[in-house]
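Enquirer: My structure is below; once you've seen it, I'll send some questions.
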Amino acid sequence: MSNLDEALRDIYHEVLGRNAGETEFHQAVREVLDTLGPVVAKHPQYTDAAVLRRLCEPERQIIFRVPWVDDEGQVQINRGFRVEFNSALGPYKGGLRFHPSVNLGIVKFLGFEQIFKNALTGLPIGGGKGGSDFDPKGRSDGEVMRFCQSFMTELYRHIGEYTDVPAGDIGVGGREIGYLFGQYKRITNRYESGVLTGKGINWGGSQVRTEATGYGVAFFVDEILKTTGDSFDGKQVVVSGSGNVAIFAIEKVHQLGGTVVACSDSSGYVVDSKGIDVDLLKEIKSVRRGRIQDYAEERGSDVRFIAGQSIWDVPCDIALPCATQNELDRDHALALVKNGCRIVAEGANMPTTPDAVKVFVEAGVSFAPGKAANAGGVATSALEMQQNASRDSWSFEHTEQRLNDIMRNIHDRCLETADEYGTPGNYVAGANISAFTHVADAVLALGVI
């Protein structure tokens, strides 16, 4: 706590007191406050007008019951959440997560991160997040549909293309978005395409949206490499996870010349020295909804499956944590540094613990926080909203180029801001300060609301 400015320390204590037990939210707030000392010293109006206090308190928090009937005819009850955190820059924007771990603290941490991530894109979108403790894993399509319909029956009254625009996250893919959008359309009697993003291409979706978060992480790392005149060529890369973000990060890394040698799921990880076969991984994880062990069994004897161990023990030049929050701790970071890793970029939201970040910074590892490195997903969601609003549809190539340009701009803003505030090369400080000042100026302009 000693490195926090006194005013920031008071704000952090308020956050702890008002949000008891929400450890992930506390962590997200602290990570931002740790970098803002030079900002409040240079711009006292941010503390005088309580901008930070306002940013740490959601504008609206919605919790609701989600009853639904399973295939055995039994009534099930889940809990739904939507935290509309800040709308100074535009309508609330952020995904829905369906996973047993979801609670209010998790949703608030994700929503708080989303404010700054969305600000970094330079696009007019505010920050929000939502979800449920429902687990779609192992559920039939009928059960998932009935849950989604019940969830949207409550949520629909709080969202809209000019109010709050949800998207997907962990456990919410194209299937779930389709069921959610269908119920919204049925209840409202409106084909309001812009109310949800991540839609199917043939009913209002955007090219590249499925690939965007993973592609964006790879584009961001490519920019980091370019700062030293380097490239992906010959680089060994490890990617945690095997969901949507991980799959498309792997695909783009391969296209850029790198080799992803390992990926994982909750059961363990596989090592494939020839490079992960993306088509096979897509078939197993996205189509069959299978386990990573199936990949090893079908790929051949040269591929190893290691159960219940840490993927971060695999030597690599670049590490991309793309699974879930706090998956990479201090011991993992020490192992990565020992094995020669030089770049870590977060594909998931806050997958690296504060102690691990400290290890990377002290070791001179280039560390890109999720609010910068994985902003490609929400950026392309905003591009989907733009296409919906204009009744237009862009080509894959055009949309991918827009994504690449956005990620390059985010990278450059992070570095330029870090230099301006005396922390050259520090992507964490650069991302936090650049995003914060952008949102804070809007908050001040709108008055006390």
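Position in the sequence shown counted from 1, then plus 2, gives you our numbering. Glycine is no exception: its CB is placed at the ideal position from the N, C-alpha and C atoms. These numbers were taken from a predicted model, which means no experiment stands behind them.
Give the straight-line distance between the Cα atoms of L448 and A22, rounded to the nearest whole angstrom.
Expert: 30 Å
Enquirer: Alpha carbon to alpha carbon, what distance is there between I408 and A375?
Expert: 11 Å
Enquirer: Which of the three DSSP states, helix, strand or coil, is assigned to S4?
Expert: Caution applies to S4, whose pLDDT of 45 falls short of 50 and renders its modelled position unreliable; the value that the coordinates give is listed next. Coil at S4, not helix or strand.
Enquirer: Please classify R290 as buried or exposed, where buried requires at least 16 neighbouring CB atoms within 10 angstroms.
Expert: exposed
Enquirer: For L385, which residues in the same chain have their Cβ closer than 7 Å to its Cβ, ignoring the five residues on either side in sequence?
Expert: These residues qualify, in order along the chain: S208, T401 and R404.
Enquirer: Which residue marks the beginning of the beta strand (DSSP E) containing D267, and which one marks its end?
Expert: T261 to D267
Enquirer: Could you check the C-alpha separation between L157 and P46 for me, to the nearest Å?
Expert: 39 Å
Enquirer: Do you know how far the Cα of G184 is from the Cα of T25?
Expert: 35 Å
Enquirer: Please classify E348: does DSSP put it in a helix, a strand, or coil?
Expert: coil
Enquirer: Taking 6 Å as the cut-off, is the beta-carbon of V247 closer than that to any non-hydrogen atom of the ligand NAD?
Expert: Summarising the ligand content, the structure contains no ligands, and the ligand NAD is consequently not present.
Enquirer: Can you tell me whether DSSP reads P40 as helix, strand or coil?
Expert: In the structure shown, P40 adopts helical secondary structure according to DSSP, grouped into three states.
Enquirer: Name, in chain order, the residues that DSSP records as bridge partners for L322.
Expert: V241
Enquirer: Compare the Cα-Cα distances from G180 to each of T165, K131 and F149 and report the closest residue.
Expert: F149
Enquirer: Could you tell me which of T326, F362, A347 and G349 sits nearest to R332, measuring between CA atoms?
Expert: F362
Enquirer: If distances are taken between C-alpha atoms only, which option among I294, C343 and T326 comes closest to V316?
Expert: C343
Enquirer: Does the distance from the CB of P102 to the CB of D72 come in under 7 Å?
Expert: no
Enquirer: Under 8 Å: do the region 241-259 and the region 438-448 share three or more Cβ pairs, one atom per stretch?
Expert: no
Enquirer: Taking I249 as part of the beta strand (DSSP E), name the residues at either end of that continuous run.
Expert: No beta strand (DSSP E) holds I249; the alpha helix (DSSP H) holding it covers N246 to Q257.
Enquirer: Who are the near neighbours of L227 in its chain, counting only those whose CB is closer than 6 Å to its CB and skipping five residues on each side?
Expert: S233
Enquirer: What's the call for M3, buried or exposed, on a 16-neighbour Cβ count within 10 Å?
Expert: Note that M3 scores 40 on pLDDT, short of 50, meaning its location in the model is unreliable and no value can be drawn from it.
Enquirer: So is I189 buried or exposed if we call it buried at 16+ other beta carbons inside 10 Å?
Expert: Only exposed fits I189, as fewer than 16 other CB atoms lie within 10 angstroms of its CB.
Enquirer: Excluding the five sequence neighbours on either side, which residues of its own chain have a C-beta within less than 6 Å of the C-beta of E16, listed in chain order?
Expert: none
Enquirer: Here's a check: name, in chain order, each residue in its chain whose Cβ is nearer than 8 Å to the Cβ of E299, leaving out the five neighbours to either side.
Expert: F307
Enquirer: Which residues share a DSSP beta bridge with S134?
Expert: According to DSSP, which records beta bridges pairwise, S134 is partnered with G82 and F100.
Enquirer: Apply the 10 Å Cβ neighbour rule to Q389 and answer buried if 16 or more other Cβ atoms are within range, or exposed otherwise.
Expert: Residue environment analysis places Q389 among the buried positions, since at least 16 neighbouring C-beta atoms fall within 10 angstroms of its C-beta.
Enquirer: Tell whether a beta-carbon distance below 7 Å holds between V197 and Y186.
Expert: yes
Enquirer: Reducing DSSP to helix, strand and coil, say where R473 ends up.
Expert: Given that the chain is displayed from residue 3 to residue 451, the structure contains no residue 473 and the question cannot be resolved.
Enquirer: Determine the direct distance from the alpha carbon of L38 to that of E8, and round the result to whole angstroms.
Expert: Approximately 12 Å between the Cα atoms of the pair.
Enquirer: Note down the Cα distance separating F153 from V68, rounded to an integer number of angstroms.
Expert: 6 Å
Enquirer: Rounded to a whole number of angstroms, what is the C-alpha to C-alpha distance between E399 and K131?
Expert: 29 Å
Enquirer: Compare the C-alpha of A416 against each of P356, V430 and G424 and name the closest.
Expert: Per the sequence shown, residue 416 should be read as Cys rather than Ala. Nearest option by C-alpha distance: V430.
Enquirer: Nearest by alpha-carbon distance to R99: which of G176, A433, L54 and A121 is it?
Expert: G176
Enquirer: Please report the distance separating the alpha-carbon of S134 from that of G216.
Expert: 24 Å
Enquirer: Can you tell me which of the three DSSP states I64 falls into?
Expert: Strand, per DSSP.
Enquirer: Can you tell me which residues form a DSSP beta bridge with F369?
Expert: V346
Enquirer: Mind checking who Y297 pairs with in its DSSP beta bridge?
Expert: Looking at the DSSP assignment, Y297 forms no beta bridge with any residue, so it has no partner.
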